[in-house]
Amino acid sequence: MKYLSLLLVVGLMVGCASGVKKLDTQLDSVQGQTQNGVIGLKDNQAVIQEKRSAEDELRVQVWKNYQLENDLNHEYYMVLWCYDDLADPRLGGNGEVSEAPNLKKIKNSVAVKEEFGLEDKRLVVVKTSSFEDELKVERQYETAMTTMLSEVKRTRGACERKMGVARIKAGLPSKRYQGKPVITPAGTLDHMIAPHESNLDDAFKIKEQDTSNATSKN
9 MKYLSLLLVV GLMVGCASGV KKLDTQLDSV QGQTQNGVIG LKDNQAVIQE KRSAEDELRV
69 QVWKNYQLEN DLNHEYYMVL WCYDDLADPR LGGNGEVSEA PNLKKIKNSV AVKEEFGLED
129 KRLVVVKTSS FEDELKVERQ YETAMTTMLS EVKRTRGACE RKMGVARIKA GLPSKRYQGK
189 PVITPAGTLD HMIAPHESNL DDAFKIKEQD TSNATSKN
């Protein structure tokens with residue numbers, strides 16, 4: 009099986025930070041609202057203007073990247089699980105797991121100026137970096153991770169299609185058994201009315217139990 013080699017590198021050449029300029033955000037007229045801003049006229053042009061604090065902009069971007077990292081890690085785990093199952097002799101594998109995707113997430117940081125000294129008679133360490141550079145790196149990281157996530161999802165889809173065929177040949181359902189939980193009014197787990205498959209051993213045990221239950225009913 010071909011394996012996917014992925015390398016995520018985000019870098020930013022940091023030079024001298026440009027000075028903060030004064031913005032002219034005043035519209036000639038406001039014509040309406042959007043979900044996050046306003047529609048208006050500026051210099052005889054129709055524009056959509058969204059405005060929020062620099063702090064919020066960076067916070068939102070970092071949160072997006074955190075969610076993307078979680079999604080990427082989950083999809084990567086599912087690919088590894090699929091590769092492991094396909095290698096199992098019970099699904100026609102030869103016991104050798106295909107080489108996993110080479111997933112390397114590298115995000116270069118921006119230049120940081122560090123100073124040590126006294127402030128109000130207390131020893132402090134002050135670290136300063138360019139806000140604009142930090143925001144650029146986070147946005148580049150989002151773009152790169154989005155591309156990688158699409159690639160990993162495609163790899164997972166191709167693997168799970170092969171696994172589905174192999175499972176059917178082995179007498180299993182094409183997709184893994186999903187447990188059916190019973191939840192209490194308080195939102196906690198009461199019990200399971202159907203077992204959940206965590207590995208192939210579980211799958212064949214569930215299959216055996218289902219066959220036994222069907223036989224006893226007859």
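In my numbering, the protein residues as written are 9 to 226. For each residue, glycine too, the CB sits at the ideal point set by N, CA and C. What you are looking at is a predicted structure, and each value in this text was computed from that prediction instead of being measured.
Note down the Cα distance separating V145 from A119, rounded to an integer number of angstroms. Against the sequence shown, residue 145 aligns to sequence position 137. Against the sequence shown, residue 119 aligns to sequence position 111. Spanning the two alpha carbons is a distance of roughly 11 Å.
Can you check whether the CB of E83 is closer than 8 Å to the CB of A95? Counting from one through the sequence shown, the residue named residue 95 turns up at place 87. Counting from one through the sequence shown, the residue named residue 83 turns up at place 75. No, Cβ-Cβ distance for A95 and E83 is not below 8 Å.
Just tell me which of L143, D79, R175, I201 has its CA closest to the CA of D209. Here residue 209 refers to the residue found at position 201 when the sequence shown is read from its first residue. Per the C-alpha coordinates, the member of L143, D79, R175, I201 positioned closest to D209 is R175.
Is it buried or exposed for V221, if we count other Cβ within 10 angstroms and need 16 for buried? To locate residue 221, count along the sequence shown from 1; it is residue 213. Here the sequence assigns Asn to residue 221, which means Val is not the residue at that position. It is exposed - the Cβ of N221 has fewer than 16 other Cβ atoms within 10 Å.
Determine the extent of the beta strand (DSSP E) in which E123 is found, giving its start and end residues. The residue labelled residue 123 in the question sits at position 115 within the sequence shown. Per DSSP, E123 belongs to the beta strand (DSSP E) from 120 to 127.
Curious, which full-length alpha helix (DSSP H) runs of at least 4 residues does the segment 51 to 138 contain? List check, alpha helix (DSSP H) in window: 62 to 95.
Are R98 and A166 close, meaning C-beta to C-beta below 8 Å? For the purposes of this step, residue 98 is identified with residue 90 of the sequence shown, where counting begins at 1. For the purposes of this step, residue 166 is identified with residue 158 of the sequence shown, where counting begins at 1. Their beta carbons are not under 8 Å apart, which means R98 does not touch A166 by this criterion.
Taking 8 Å as the cut-off, decide whether the C-beta atoms of C90 and M171 are in contact. In the sequence shown, counting from the first residue as 1, residue 90 sits at position 82. In the sequence shown, counting from the first residue as 1, residue 171 sits at position 163. Result yes, Cβ atoms of C90 and M171 sit closer than 8 Å.
CA-to-CA distance, G187 to E77, given in whole angstroms: Counted from its first residue, the sequence shown places residue 77 at position 69. Counted from its first residue, the sequence shown places residue 187 at position 179. If you take the alpha carbons of E77 and G187, they lie about 27 Å apart.
Secondary structure of K215, DSSP reduced to three states: Position 207 of the sequence shown, counted from the start, is the residue given in the question as residue 215. In the structure shown, K215 sits in a helix (DSSP, three-state: H, G or I).
So what's G187 in DSSP terms, helix, strand or just coil? As a first step, residue 187 must be located in the sequence shown, where it is residue number 179. It is coil, neither helix nor strand.
Please identify the residue among F212, P189, A211 whose C-alpha is closest to the C-alpha of A202. Your numbering for residue 202 matches position 194 in the sequence shown. Checked all of F212, P189, A211; the closest Cα to A202 is P189.
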